[in-house]
Structures are given as C-alpha cells and as structure tokens.
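**Student:** So the protein lines, in turn, are chains V and W. Just add 81 to the spot in the first sequence (first one is 1) and you have the numbering used here. Just add 81 to the spot in the second sequence (first one is 1) and you have the numbering used here. Would you mind keeping the following structure in view while I ask a few things?
Number of protein chains: 2
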Amino acid sequence: MTDTLPPALPAAIDESRQWARLMGMAMLGAIPHDGVNREALTPLDRQARRLLVTWAIEAGLTVSIDEMNNLFLRHEGTDPTAAPVLSGSHMDSQPSGGRFDGIWGVVAALEAVQAIREAGLATRRPIEVVSWTNEEGGRFAPGCMGSMAWSGHRPATTWDQVADGAGITFRAALDEQMAAEADLPRRPLGPQPGAAPFAYVEAHIEQGPRLEADLLDIGVVTGIQGSRWFLVDITGQSAHAGTTPVGLRRDAVQDMVRAIEALNRLTEDPEDVLRFTVGRVEVHPNSSNSVADRVRFSIDLRHPDAAVLTAKGDAIAATVQSAVKFCTAQVTERFTAMPATFQPDVPAAVEAAAAALGLRSLRLASGAFHDAQFLVPVCPTGMIFVPSRGGISHNPAEYSSPEQLAAGTRVLAATLYDLANR
Amino acid sequence: MTDTLPPALPAAIDESRQWARLMGMAMLGAIPHDGVNREALTPLDRQARRLLVTWAIEAGLTVSIDEMNNLFLRHEGTDPTAAPVLSGSHMDSQPSGGRFDGIWGVVAALEAVQAIREAGLATRRPIEVVSWTNEEGGRFAPGCMGSMAWSGHRPATTWDQVADGAGITFRAALDEQMAAEADLPRRPLGPQPGAAPFAYVEAHIEQGPRLEADLLDIGVVTGIQGSRWFLVDITGQSAHAGTTPVGLRRDAVQDMVRAIEALNRLTEDPEDVLRFTVGRVEVHPNSSNSVADRVRFSIDLRHPDAAVLTAKGDAIAATVQSAVKFCTAQVTERFTAMPATFQPDVPAAVEAAAAALGLRSLRLASGAFHDAQFLVPVCPTGMIFVPSRGGISHNPAEYSSPEQLAAGTRVLAATLYDLANR
Numbered sequence: 082m083t084d085t086l087p088p089a090l091p092a093a094i095d096e097s098r099q100w101a102r103l104m105g106m107a108m109l110g111a112i113p114h115d116g117v118n119r120e121a122l123t124p125l126d127r128q129a130r131r132l133l134v135t136w137a138i139e140a141g142l143t144v145s146i147d148e149m150n151n152l153f154l155r156h157e158g159t160d161p162t163a164a165p166v167l168s169g170s171h172m173d174s175q176p177s178g179g180r181f182d183g184i185w186g187v188v189a190a191l192e193a194v195q196a197i198r199e200a201g202l203a204t205r206r207p208i209e210v211v212s213w214t215n216e217e218g219g220r221f222a223p224g225c226m227g228s229m230a231w232s233g234h235r236p237a238t239t240w241d242q243v244a245d246g247a248g249i250t251f252r253a254a255l256d257e258q259m260a261a262e263a264d265l266p267r268r269p270l271g272p273q274p275g276a277a278p279f280a281y282v283e284a285h286i287e288q289g290p291r292l293e294a295d296l297l298d299i300g301v302v303t304g305i306q307g308s309r310w311f312l313v314d315i316t317g318q319s320a321h322a323g324t325t326p327v328g329l330r331r332d333a334v335q336d337m338v339r340a341i342e343a344l345n346r347l348t349e350d351p352e353d354v355l356r357f358t359v360g361r362v363e364v365h366p367n368s369s370n371s372v373a374d375r376v377r378f379s380i381d382l383r384h385p386d387a388a389v390l391t392a393k394g395d396a397i398a399a400t401v402q403s404a405v406k407f408c409t410a411q412v413t414e415r416f417t418a419m420p421a422t423f424q425p426d427v428p429a430a431v432e433a434a435a436a437a438l439g440l441r442s443l444r445l446a447s448g449a450f451h452d453a454q455f456l457v458p459v460c461p462t463g464m465i466f467v468p469s470r471g472g473i474s475h476n477p478a479e480y481s482s483p484e485q486l487a488a489g490t491r492v493l494a495a496t497l498y499d500l501a502n503r
Numbered sequence: 082m083t084d085t086l087p088p089a090l091p092a093a094i095d096e097s098r099q100w101a102r103l104m105g106m107a108m109l110g111a112i113p114h115d116g117v118n119r120e121a122l123t124p125l126d127r128q129a130r131r132l133l134v135t136w137a138i139e140a141g142l143t144v145s146i147d148e149m150n151n152l153f154l155r156h157e158g159t160d161p162t163a164a165p166v167l168s169g170s171h172m173d174s175q176p177s178g179g180r181f182d183g184i185w186g187v188v189a190a191l192e193a194v195q196a197i198r199e200a201g202l203a204t205r206r207p208i209e210v211v212s213w214t215n216e217e218g219g220r221f222a223p224g225c226m227g228s229m230a231w232s233g234h235r236p237a238t239t240w241d242q243v244a245d246g247a248g249i250t251f252r253a254a255l256d257e258q259m260a261a262e263a264d265l266p267r268r269p270l271g272p273q274p275g276a277a278p279f280a281y282v283e284a285h286i287e288q289g290p291r292l293e294a295d296l297l298d299i300g301v302v303t304g305i306q307g308s309r310w311f312l313v314d315i316t317g318q319s320a321h322a323g324t325t326p327v328g329l330r331r332d333a334v335q336d337m338v339r340a341i342e343a344l345n346r347l348t349e350d351p352e353d354v355l356r357f358t359v360g361r362v363e364v365h366p367n368s369s370n371s372v373a374d375r376v377r378f379s380i381d382l383r384h385p386d387a388a389v390l391t392a393k394g395d396a397i398a399a400t401v402q403s404a405v406k407f408c409t410a411q412v413t414e415r416f417t418a419m420p421a422t423f424q425p426d427v428p429a430a431v432e433a434a435a436a437a438l439g440l441r442s443l444r445l446a447s448g449a450f451h452d453a454q455f456l457v458p459v460c461p462t463g464m465i466f467v468p469s470r471g472g473i474s475h476n477p478a479e480y481s482s483p484e485q486l487a488a489g490t491r492v493l494a495a496t497l498y499d500l501a502n503r
C-alpha cells in the first residue's frame with residue numbers, strides 16, 4: 082500500500098470544502114448550541130439529499146436511489162463491470178443531535194472520490210458513495226432500516242406499520258419521499274446476483290473518548306458491539322389523582338419506576354461495559370391530575386460479548402414482569418444486532434493507509450452500531466474513526482475539528498483508492 | 082325549607098332531557114369506551130358551549146361571557162337588583178375523561194332553572210348558570226383558571242405564557258376562543274363592587290366510592306381537601322446510548338427514577354389519606370438510543386389537613402434535590418389550593434332539600450378540587466354530590482345513572498329555589 086499511494090491524492094483532499102459542506106448541511110435542521118435535528122424522511126432530509134446530489138453531479142458522479150430511498154453516487158471505474166467499492170454512512174440525525182454523526186461519512190466519501198478525480202487518478206473498480214436511509218431510528222425505530230433491507234437482513238416491508246410520534250407510518254413517509262424524488266433514476270434494492278460490492282468502508286466520528294484521550298488520529302475499527310432494543314408497555318388504570326387512595330391505584334408510572342429499578346439491578350456491571358439506557362418514555366393520558374393508565378418505555382442494551390448480550394437481554398422480560406406490582410406489562414424486542422467482527426481485509430487497508438499518511442492509529446471496536454454491521458455478511462467491511470471531543474455524541478456539543486476530519490478523509494481516500502485498484 | 086318546596090318543582094325536572102343532553106355533550110370529543118376528550122379552549126369546547134347556549138336561549142335565559150371566557154346564563158328574578166344565586170361547574174374534560182365530570186354540574190344547573198321556569202315558579206333573586214373556563218388543567222395547568230381569575234384569587238393574565246403540549250399558549254387559545262365567540266354579549270370579570278352573589282352551589286359527581294358503598298343518594302359537601310401542584314425539571318446531558326459508559330452519564334431519566342422513589346418515601350402514609358401522583362412525564366430528546374438530557378414531571382399532592390399539606394409540600398424540593406445524583410433539578414410550585422371549608426348556609430340548604438325530597442344524604446368532604454373552593458372567599462358556597470360507580474373518575478368508565486343524576490338535579494333545583502327566594 083505505502084508505495085501505491087500517489088502523493089497527489091492526499092493533497093487533493095480539500096479540508097475547507099469538506100468543512101463548508103458539513104457546516105452547510107448543519108444549517109438544514111439547525112437547533113440551538115450548534116445542534117442538528119434532521120430526522121429521516123422529513124422535508125429537511127430531502128433538502129439535505131438534494132444538496133448532496135447537486136455536489137455529486139458537479140463532481141461528475143451519477144445518482145440513483147433504490148426502493149428504500151438509499152441514495153447512491155457512482156464514480157465509474159476503468160472496468161465498469163468490476164465489483165464496486167462502496168463507501169458512505171447516513172444523513173439523518175438524532176432529534177437533538179450534532180453536526181457530524183453520519184453526515185460526515187457521506188460527505189467524506191464524496192470528498193474522497195472527488196479528490197481521486199481531481200487528482201487526475203483513475204480506479205479500476207467503480208466507487209459508489211451511499212447514504213443509507215434511517216440509520217438513527219429516532220423517528221422510526223429501529224435504526225439501520227436502509228442497510229438492513231439492502232443487505233437482505235430484513236424484508237423492505239418489515240417496518241411499514243412503524244409510526245412516528247405524530248402517528249405517521251414509515252411506509253407513508255417513505256412513499257412521500259420517493260414521490261418527491263421521482264426524478265432521480267431508480268436502481269434495484271440490494272446487491273444483485275453475482276454483483277456484491279468488493280468492499281464497504283464507512284468513515285464516522287468515534288462517539289467515544291478513546292482516540293482523543295490517547296492523542297490519536299485514526300481509529301481502525303475491528304468490529305461493532307451488539308445491541309438489543311426493547312419496548313416495555315405497562316398497562317394500569319387511569320384514576321382521579323385527588324380521590325383515589327394510593328393503595329387502590331394501578332399506576333403505570335409507579336410500575337415503570339419499579340421496572341427501571343429492577344432493570345438497573347439486572348444490568349449492574351462493575352466493569353461498566355454493559356450499556357443499559359431508558360431514553361424514551363411515553364405516558365398516557367399524561368395529565369398531572371390523572372393516575373397514568375399506560376406507560377411505554379424503551380430499552381437499549383449493548384455489549385461486545387454475544388454471550389453477555391444474550392443472557393442479559395433474555396432476562397429483561399422476566400425482570401420487568403416480576404417488578405411490576407399493580408399493572409400488567411408486555412416486553413417486545415424490536416431490534417437485535419449481535420456483535421459484528423469485520424473481516425481482516427478492510428481494517429488492514431485502513432491501517433496501512435493511516436501509516437502511509439504518517440497518522441497515529443489504533444485498532445478498536447465500536448460502541449455505537451452502524452450500517453456497516455449489516456454489510457459484514459455481504460462483503461469485506463471496515464470503518465474509519467476520527468476523534469470526538471469529550472467522546473460526546475447524540476448531542477449538539479458533538480465536535481471533531483476540520484483537521485481531524487480532513488485527516489480521516491485522507492485515510493478514506495487512500496483506502497478506497499487501494500481497494501478500487503485491486 | 083320543607084314547607085316551601087312546591088311539589089311542581091321536582092316534578093318538572095326532566096330526567097330524560099337531562100340524560101339526552103349529557104349524552105349529546107359526550108358526542109363532542111367522544112373517545113373509545115364511552116370516554117370524552119374535550120379539553121379547554123379547543124374547537125370541541127366551542128361546539129359544546131354553542132350547544133349549551135342554544136338550549137339556554139330556548140329556555141329563555143340571557144347569555145354573556147367575561148374576559149376569561151367564563152360563560153353565564155341568567156334567569157331573571159322578580160327583583161333584578163337582588164344579588165344572584167350562582168350555580169354551575171365546567172365543561173372541559175380530562176384528555177382521557179368521562180361523560181359527567183364537570184359537564185353534569187352545568188347541565189344540571191340549566192335543568193334546575195328550566196324546571197323552575199316550566200313549573201311556572203318565580204324567584205326573587207336572579208339565578209345564573211355558570212361554566213368556568215379550564216377547570217381540569219389537563220391542557221393548560223393549573224386547573225380552575227376561570228374561577229381563580231373571577232374570584233380575584235389570581236390576575237386574569239397570570240397564565241398567559243402557560244403552553245400546552247403543542248406549544249400553544251393559554252393566552253393564544255383564549256384569544257382565539259374569545260374571537261370565535263365575539264357575537265356573545267360581554268360582562269365584566271368577577272363580582273362587581275357591592276354585587277357579590279348571594280350564594281354559589283355546584284353539583285358534581287362524587288369521584289369517590291363513599292356514596293355508592295353506603296347506598297346513599299346525595300353528598301352534602303362540607304369542604305374540599307387542599308392541593309399543591311409542582312413541576313420538577315431535571316437537567317443532565319444527552320449522550321450516545323452505545324458509547325457512553327453508564328458511570329459517566331448524567332441521565333435525566335435515571336435521576337427522575339431516584340426522585341420519584343424518594344418522593345414515594347416522603348409521602349408514605351399508613352392511613353392512605355395523603356395523595357401523591359406523578360401523572361405527567363416529558364423526556365427530551367426522547368430517543369431510545371440517546372441518554373435523556375431533560376425530564377420534566379408533575380407532582381399532585383393533596384390532603385384535607387392544611388398542616389400536613391404544608392409540611393409535606395414544603396419538603397418536596399429538598400427531597401428531590403437530595404435524590405438527584407448526576408443532574409441538576411428545579412422544583413416549581415404552580416398551583417396551591419389550601420383545604421377549604423364551606424360556610425354552613427349552603428350545606429344546610431342542600432341537606433334540607435334532600436330531606437324534603439326523601440333522599441338519603443351524607444355530609445362529606447371532597448377529595449377532588451373544584452371551582453367551588455375559589456368561591457368560598459366571595460360568598461356562601463356549597464356542593465351537591467351524586468354517587469360515582471366504583472368511585473371511578475378521570476376515566477372513560479366514569480358513570481352515574483340517569484336516576485342518580487336526576488335526583489341530584491332535584492336537590493339542586495330545590496336548593497336554588499330556596500336560596501333565590503331568601
């Protein structure tokens with residue numbers, strides 16, 4: 082690798098163009114304190130995609146979308162029939178998210194391909210920049226719907242009835258966005274028979290504190306910890322807050338408190354590796370002088386070890402059932418992603434590219450899930466991390482500097498150039 | 082009293098007309114299982130008010146509204162300058178409420194006045210039927226805004242900035258409704274100097290199990306337990322659910338759980354008289370894979386003894402502060418109604434009316450708060466309860482039979498006739 086990296090390529094990465102594009106994207110859904118709220122399949126999402134398409138067309142790429150609204154920008158190879166190298170991430174954000182999670186991986190892939198072209202270089206294989214639909218899962222849970230459907234992990238119609246907070250179904254939102262993008266050429270969903278990508282590379286901010294703490298430039302990601310998502314529905318009885326003795330109530334809020342306490346005990350981990358989060362709570366009727374008759378809350382459970390994730394996750398339903406005292410409870414698992422280990426090819430290429438560029442890298446696993454984990458069964462897969470200030474993410478304060486991001490994009494460009502010429 | 086009740090008056094109470102009116106009102110905002118969702122200052126509220134106005138005009142009453150949108154229907158006395166007797170309740174419901182809470186008190190007062198007129202009887206004093214604005218406080222907290230402003234307990238502009246779940250302010254909703262009712266004659270807000278009502282009588286369902294359990298017809302209400310409402314705002318930091326170690330989080334949901342546990346201990350009452358309710362919870366950003374940075378929850382605390390209510394309520398802020406572990410908390414008291422004791426006049430008149438009608442009555446205090454408690458400083462005040470099936474209220478299953486309601490309305494008519502001829 083070292084001797085095949087043309088010096089013109091890293092030099093062609095335009096740090097200020099990439100930063101300007103990220104800041105421009107951050108205007109679409111800007112919220113206070115530099116945050117972004119641009120959820121999947123919203124008008125803001127459409128605006129962001131249009132902007133990306135404009136840049137791609139200016140850069141000479143060809144645009145297409147599939148039935149899941151995954152968006153592809155293709156750089157042609159000298160052998161157009163060769164299996165392409167795929168690189169990208171997602172453009173949707175958390176409802177109270179930052180300016181880099183997801184969007185940088187898409188903008189970086191475009192910047193890398195544009196740099197290859199502007200440096201006058203060619204690649205044997207085509208390179209396709211991809212933006213996967215609804216990675217975050219904030220509006221429509223679970224996340225990674227676009228990559229799950231594309232990779233055949235789940236059928237494309239799996240989430241038709243999933244509704245957002247306003248009652249709009251994923252199917253309705255998807256149909257609306259597809260109609261709004263009817264002018265974009267269509268491509269079939271997923272890798273076609275005998276035409277799997279040669280490799281998939283995703284650039285992303287670390288969303289953890291490790292690279293910053295160790296003064297490193299690049300994370301060579303070796304795999305992704307597993308995640309299991311659950312919904313807990315507690316059903317009691319609504320009653321008047323002033324007249325109903327506490328002892329006669331079937332109060333769903335109080336049983337939620339009991340259930341979360343019991344789950345805290347179940348997920349206690351002295352090593353602090355197991356991640357247990359209740360991030361979403363919906364109370365009905367949500368009136369201050371009515372005892373709640375229904376509560377729904379989410380559970381996000383993660384661990385890098387499949388055995389731990391299986392054991393703890395499988396114990397959740399029974400833990401909730403024995404904790405609720407006056408109500409009934411139902412626990413539904415709605416997303417499962419077992420820990421993923423990347424094939425050695427892409428991490429090795431990333432590591433070599435970082436070394437060739439004189440950057441300090443570290444092999445590490447991802448705490449967050451990413452579209453990349455659904456690519457593992459399809460083709461050699463890997464990810465490139467850059468440092469996140471304070472390890473903060475899913476928050477307006479999320480930050481990586483223009484220099485850190487440009488360094489990551491140089492590694493991505495070198496990796497893509499390497500893989501696309503194999 | 083007994084010898085002044087003309088037999089034509091109870092006979093003129095039309096049980097089926099009253100039931101039909103209640104069932105008609107229940108169609109405006111009908112929700113499954115016979116429930117009603119007709120919150121204050123909504124289009125449904127306006128429809129219900131129009132319907133009431135139609136009935137009032139047919140019955141020969143004159144209609145007016147004040148700047149708080151309180152609605153008055155006046156039956157003229159033979160001495161129009163005499164202080165009027167006031168009777169009514171409210172027409173708004175809980176978001177998941179029933180068909181009788183509030184609305185029956187308004188429909189019953191209209192039925193009572195209409196019966197007086199149809200029986201060919203006259204009263205020396207005018208009788209005014211009133212519907213107070215936003216008693217429930219479900220959409221705009223706190224409740225009883227209309228009666229609080231009318232009685233001078235709080236200025237009419239106190240709640241201008243209070244917003245509902247959709248961000249609409251009370252002021253905007255009030256202005257919209259006043260504009261929609263611009264054709265109705267206006268009257269000044271509150272009792273005018275030297276023109277306080279002679280008495281106020283409010284008919285209401287019991288919302289408790291006592292009358293039903295003791296096979297009684299009528300509750301002679303002697304007072305109302307006190308209520309204190311608080312909002313607790315917990316502020317932590319949003320973070321990624323997959324990457325942020327649990328030990329490094331400032332998780333607002335977890336600190337809410339700690340606060341509620343501590344409040345449960347503070348409000349533990351072996352006699353089960355103290356009522357502590359967390360009925361409303363709002364989580365931000367409310368995304369299943371983000372640690373919550375903000376939680377707001379409501380506290381509704383009630384007790385018939387002012388000393389207990391003061392001591393427990395005053396301890397809430399410190400209890401929350403010492404319970405939260407990683408976040409900051411702010412506790413705001415937003416509604417206070419100390420226990421109210423009715424002057425003897427109206428309860429005595431209600432008791433005599435029930436006896437004259439051969440109904441079994443019981444003196445009891447109200448567990449729920451009512452507009453009546455804000456009338457106590459203004460004029461002699463009282464309430465009439467009828468049994469609630471199973472004591473259930475603030476719930477679609479709320480029920481009192483046509484016969485039980487008609488009996489209550491006969492007592493109300495006799496009481497109003499008695500008071501309006503003094």
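Glycine included, C-beta positions come from ideal geometry on N, C-alpha and C. These numbers come from a predicted model, not from an experiment.
(1) Step through the CB atoms of chain W and report whether any lies within less than 8 Å of the CB of N476(V).
(2) Taking only beta-carbon positions, decide if E342(W) is within less than 8 Å of chain V.
(3) Do you know how far the Cα of C460(V) is from the Cα of D173(V)?
(4) Along the chain, where does the alpha helix (DSSP H) containing V389(V) start, and where does it finish?
(5) Roughly how many whole angstroms lie between the Cα atoms of A164(W) and R220(V)?
(6) Leaving out the 5 sequence neighbours to the left and right, which residues in its chain are closer than 7 Å to L440(W) when beta-carbon positions are compared?
(7) To the nearest whole angstrom, what separates the beta carbons of A189(W) and A284(W), a pair I think is in contact under 8 Å?
(8) What separation, rounded to the nearest whole angstrom, lies between the Cα atoms of L90(V) and G179(V)?
(9) Reducing DSSP to helix, strand and coil, say where S469(W) ends up.
(10) Taking G105(W) as part of the alpha helix (DSSP H), name the residues at either end of that continuous run.
(11) Would D374(W) be called buried (16 or more neighbouring beta carbons within 10 Å of its own) or exposed?
(12) Which of the three DSSP states, helix, strand or coil, is assigned to R377(V)?
(13) Between the region 315-322 of chain V and the region 369-388 of chain V, do at least 3 Cβ pairs fall closer than 8 Å?
(14) Compute the Euclidean distance between the alpha carbons of L154(V) and I197(V), then round it to the nearest angstrom.
(15) Checking contacts by CB at 8 Å: is H321(W) closer than that to chain V?
(16) Determine the burial state of M229(V): buried for a count of at least 16 other Cβ atoms within 10 Å of its Cβ, exposed for fewer.
(17) Could you compute how far the alpha carbon of C408(W) sits from the alpha carbon of D332(W)?
(18) Would you mind telling me which residues of chain W sit closer than 7 Å to V364(V), beta carbon to beta carbon, in chain order?
(19) State the Cα-Cα distance for the pair S97(W) and T490(W), rounded to the nearest angstrom.
(20) Which of the three DSSP states is assigned to E363(V) in this structure?
(21) For T409(W), which three-state DSSP category applies?
(22) Assign H475(W) to buried or exposed, taking buried as 16 or more other Cβ atoms, counted over all protein chains shown, within 10 Å of its Cβ.
(23) With 8 Å set as the bound, which would you pick, yes or no: does the beta-carbon of V338(V) sit closer than that to a beta-carbon of chain W?
(24) Between the region 447-462 of chain V and chain W, which residues of the former have CB atoms less than 9 Å from a CB of the latter, in chain order?
(25) Where Q424(V) and F378(V) are concerned, what is the direct C-alpha to C-alpha distance, given to the nearest angstrom?
(26) Once DSSP output is grouped into helix, strand and coil, what is the label at S228(W)?
(27) Residue ranges of each alpha helix (DSSP H) run of no fewer than 4 residues wholly in the region 281-360 of chain V, ordered along the chain?
(28) Which same chain residues end up closer than 8 Å to T348(W) when comparing Cβ atoms and leaving out the 5 residues on each side of it in sequence?
(29) Which full runs of the alpha helix (DSSP H) of 4+ residues lie inside the region 181-247 of chain V, going along the chain?
(30) Straight-line CA distance for A528(V) to I249(W)?
(31) Classify E120(V) as buried or exposed, calling it buried when 16 or more other Cβ atoms lie within 10 Å of its own Cβ.
(32) Quick one: measure Cβ to Cβ for M106(V) and L132(V), integer angstroms, because I've assumed they're closer than 8 Å.
(33) Can you tell me which residues form a DSSP beta bridge with R383(W)?
(34) Exposed or buried, P458(W), counting other C-beta atoms within 10 Å across all chains shown (16 or more means buried)?
(35) Taking F153(W) as part of the beta strand (DSSP E), name the residues at either end of that continuous run.
(36) Flag this pair as touching only if the region 299-317 of chain V and the region 440-453 of chain V have three or more C-beta atom pairs under 8 Å; answer yes or no.
**Tutor:** So, from the listed chains and residues:
(1) Yes, its Cβ sits closer than 8 Å to a Cβ of chain W.
(2) Between E342(W) and chain V, the shortest Cβ-Cβ separation is below 8 Å.
(3) Taking the straight line joining both Cα atoms gives about 24 Å.
(4) Start and end: A387 to D395.
(5) A164(W) and R220(V) have their C-alpha atoms roughly 58 Å apart.
(6) Around L440(W): D298, I299, A488 and V492.
(7) A189(W) to A284(W), Cβ: 4 Å. Contact.
(8) Going by the C-alpha atoms only, they are around 29 Å apart.
(9) Here S469(W) sits in coil by DSSP.
(10) The continuous alpha helix (DSSP H) containing G105(W) extends over residues E96 to M108.
(11) Around the beta-carbon of D374(W), 16 or more other beta-carbon atoms lie within 10 Å, marking it buried.
(12) Looking at R377(V) - three-state DSSP - the assignment turns out to be strand.
(13) Because the criterion of three Cβ pairs below 8 Å is met, the region 315-322 of chain V and the region 369-388 of chain V touch.
(14) One C-alpha to the other measures close to 14 Å.
(15) Taking 8 Å as the CB threshold, H321(W) lines the interface with chain V.
(16) Counting every other CB atom within 10 Å of its CB across the protein chains shown gives M229(V) a total of 16 or more, marking it as buried.
(17) A direct Cα-Cα distance of roughly 7 Å separates C408(W) from D332(W).
(18) When 7 Å is used as the limit between beta carbons, V364(V) is near these residues of chain W: R361 and V362, in chain order.
(19) Here the alpha carbons of T490(W) and S97(W) stand approximately 12 Å from one another.
(20) Note: E363(V) maps to strand in three-state DSSP.
(21) DSSP places T409(W) within a strand segment (E or B) once states are collapsed to three.
(22) Burial call: buried.
(23) Judged by the 8 Å Cβ criterion, V338(V) is in contact with chain W.
(24) Here the close residues are S447, G448, A449 and F450.
(25) In this structure, the straight-line span from the alpha carbon of Q424(V) to that of F378(V) is close to 36 Å.
(26) S228(W) falls in the helix class under three-state DSSP.
(27) Fully enclosed alpha helix (DSSP H) runs of 4 or longer: 291-294 and 333-347.
(28) Here the set comprises L355, F357, L382 and K393.
(29) Counting only runs of 4 or more, we get 184-199 and 226-231.
(30) Past the edges of chain V, shown from 82 to 503, lies residue 528(V), and the structure says nothing about it.
(31) Classification for E120(V): buried.
(32) Confirmed, Cβ separation roughly 7 Å.
(33) In the DSSP output, where bridge partners are listed per residue, R383(W) has S308(W) and R356(W).
(34) That one is exposed.
(35) Here the beta strand (DSSP E) through F153(W) covers L152 to H156.
(36) The way I'd put it, the region 299-317 of chain V does touch the region 440-453 of chain V; three or more beta-carbon pairs between them come closer than 8 Å.
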